[in-house]
Amino acid sequence: AMLKERERFKPVTHKYLYQDNSIMRMAWVTPSEMLADTIFTKSGGFVFEVSPQQEGGKPRYLYFPVVPPTQLEHWVPTLWTSPVHIPEYLVYYRKSMEDPASANSDEGGGKYASDVSAMSYGDGAISAHGIAELMEKNEGDISKWMSEDEGVVAIQEEFKNLAEIRQKDSNIDQQEDWVNFNYCLHGTRPKNGYKVVGNDGKDTVRDKGRDENKRSLEHFVNLDTAKNARLKRGEVLALRLYTSSSFRQINEPLRKLVALKTQKISSKRTGHVGQLLTQNTSAFVSAPDENVIHKRLLHATVYMLSTALKKLRVQAMQQDKAFQTTYLWRGMRNLRSSTHFLENGGAEGAPMSTTPSLRTVASYSQSDAPLLLKIKIDSPMDYGADISWLSMFPEEKECLYPPLTFLKPIRVQPIRGLDGKGEVITVKPSFPS
3 AMLKERERFK PVTHKYLYQD NSIMRMAWVT PSEMLADTIF TKSGGFVFEV
53 SPQQEGGKPR YLYFPVVPPT QLEHWVPTLW TSPVHIPEYL VYYRKSMEDP
103 ASANSDEGGG KYASDVSAMS YGDGAISAHG IAELMEKNEG DISKWMSEDE
153 GVVAIQEEFK NLAEIRQKDS NIDQQEDWVN FNYCLHGTRP KNGYKVVGND
203 GKDTVRDKGR DENKRSLEHF VNLDTAKNAR LKRGEVLALR LYTSSSFRQI
253 NEPLRKLVAL KTQKISSKRT GHVGQLLTQN TSAFVSAPDE NVIHKRLLHA
303 TVYMLSTALK KLRVQAMQQD KAFQTTYLWR GMRNLRSSTH FLENGGAEGA
353 PMSTTPSLRT VASYSQSDAP LLLKIKIDSP MDYGADISWL SMFPEEKECL
403 YPPLTFLKPI RVQPIRGLDG KGEVITVKPS FPS
């Protein structure tokens, strides 16, 4: 999709043959787009469109980097879509597949990997308009939330209402989210202790290794990380809550709302209701009414979480190698890339959990057909916030993007060693308005 944009391909002036294939057109690839598995990535290169070998077939794309003359004899042209080798991922992936107990039992695949039914890449216009417009909140609401004291009160009211709604829906005691709120606020030992089911579906201990007197909201508010980012108390509380099991209550209504808005945008553009970008819309049929979604949506929590994640980019800006290209990862289960997403990109409806740890991604993306997002970061302003400093599960090394982060696909490649059953989509993130 990236190679075809802006009509960048130009026809060659003479007919050239490469391995009995006719080269038809060529395009220049800039250094920032260079993602091949090679050390020759700093000077860019050329991509040649080669005619299909069979009539009616699709053209292929060969990549030639610009390299020093001394290196020419060592370079073998590769397909732009050649398989990518990720040895560290393969080791952990195979271990997780051999151990059924390591599979994440959480519906939707947990934080770092999602089943197809949980993925909702919305229209880019939603990302451009921003989270306040999506939730239909005005400046008065926002001003109140961002005051030093009212933000915490607003989140408290939302979680109290959430507990009541969930109890009515299920007719059983639903105190999990209210327990999470009080634990995040006060840091005192819950009645059931610190043992919980972690984000990977396994039994674990929250705040493992953290002193009991260093678990309250006040403790995290006074840490240098929070102070350097100018975080409000409500913003710190929203971040801390997202690291708990309550992240599901934040994500689900957001994804449903983004899916609904995307349908409306598509309908206006084409005159009919557009297809959701999920390939499987069953997750959104149960609550198609926007009013129902808004009743479950934690508006204040979501807004303060979003602003906090944007502010925390100051962390990345202060790193020694802030502008060195780096990568974060996210996984999806039993899913292949869709043409619509590859050509148009999309906005992730919910906060997007990523990690530099391939081990974490391998555990979460355990399936017969994993799809990985390889998130390419060239600027600290594009880096997801490292929230391990207040996470209940710091060992996950979670880097979190705000809701409505836009993802632009660059290339899709099969994962070498998985017999064509796994894919990697390299994307570039853009923070929402």
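One rule links them: number in my numbering = place in the sequence shown (from 1) + 2.
All C-beta atoms in this analysis are idealised placements derived from N, C-alpha and C, irrespective of residue type, glycine included.
As the structure is a computational prediction, the values presented were derived from the model and not from experiment.
Three-state class that DSSP yields for residue i in the structure shown
| i | result |
| --- | --- |
| Y196 | coil |
| A352 | coil |
| M26 | strand |
| E437 | The question about residue 437 has no answer here: the residues shown for the chain are numbered 3 through 435. |
| E400 | coil |
| K376 | strand |
| F66 | strand |
| T327 | coil |
| D171 | helix |
| A387 | strand |
| T72 | helix |
| M394 | coil |
| K113 | coil |
| D226 | helix |
| P358 | coil |
| R335 | strand |
| P255 | helix |
| T15 | strand |
| G126 | helix |
Neighbour-count burial assignment, residue i, 16 or more Cβ in a 10 Å radius
| i | result |
| --- | --- |
| E345 | exposed |
| H296 | exposed |
| H87 | exposed |
| W147 | buried |
| F325 | exposed |
| K229 | exposed |
| E166 | exposed |
| W30 | exposed |
| K430 | buried |
| S246 | buried |
| D322 | exposed |
| S119 | Since pLDDT at S119 reaches only 40, below the 50 mark, its modelled position is unreliable, and the value read off the structure follows with that caveat. Answer is buried; the Cβ neighbour count reaches 16. |
Contacts around residue i, its chain only, beta-carbon distance under 6 Å, and the 5 residues preceding and following it disregarded
| i | result |
| --- | --- |
| G189 | R217, S218 |
| G351 | S122, G124, L256, R257, V260 |
| S369 | R335, N336 |
| F183 | F161 |
| T439 | This structure leaves residue 439 out entirely; the chain is present only between 3 and 435. |
8 Å Cβ cutoff met for residue i and residue j
| i | j | result |
| --- | --- | --- |
| P416 | E425 | yes |
| S53 | M26 | yes |
| L392 | V181 | no |
| L311 | Y403 | yes |
| L355 | E400 | In the sequence as presented, Leu is not what sits at residue 355; that position holds Ser. Yes, these two residues count as a Cβ contact at 8 Å. |
| G333 | S308 | no |
| S435 | A231 | no |
| Y196 | A364 | no |
| K162 | H301 | no |
| P353 | L330 | no |
| A318 | P405 | no |
| T428 | A349 | no |
Unbroken alpha helix (DSSP H) run spanning residue i, endpoints
| i | result |
| --- | --- |
| F408 | F408 -> not in any alpha helix (DSSP H); beta strand (DSSP E) instead, spanning 408–416. |
| K436 | Any answer about residue 436 is impossible in this case: the structure gives the chain only from 3 up to 435. |
| D143 | 141–147 |
| D179 | 178–188 |
| T303 | 301–313 |
Cβ-based neighbour list, residue i, same chain, cut-off 8 Å, excluding 5 preceding and 5 following
| i | result |
| --- | --- |
| I267 | D125, A127, I128, G276 |
Contact test: residue i Cβ vs the ligand FMN heavy atom, cutoff 7 Å
| i | result |
| --- | --- |
| Y244 | This structure lacks the ligand FMN; in fact it carries no ligand of any kind. |
Residue i - containing beta strand (DSSP E), residue span
| i | result |
| --- | --- |
| G47 | 47–52 |
| K430 | 425–432 |
| F206 | Looking at the sequence itself, residue 206 is Thr, so the reference to Phe does not match. 205–207 is the span of the beta strand (DSSP E), which, as asked, contains T206. |
Neighbourhood of residue i by C-beta distance below 7 Å, restricted to the same chain and skipping five residues each side
| i | result |
| --- | --- |
| E150 | K234, R235 |
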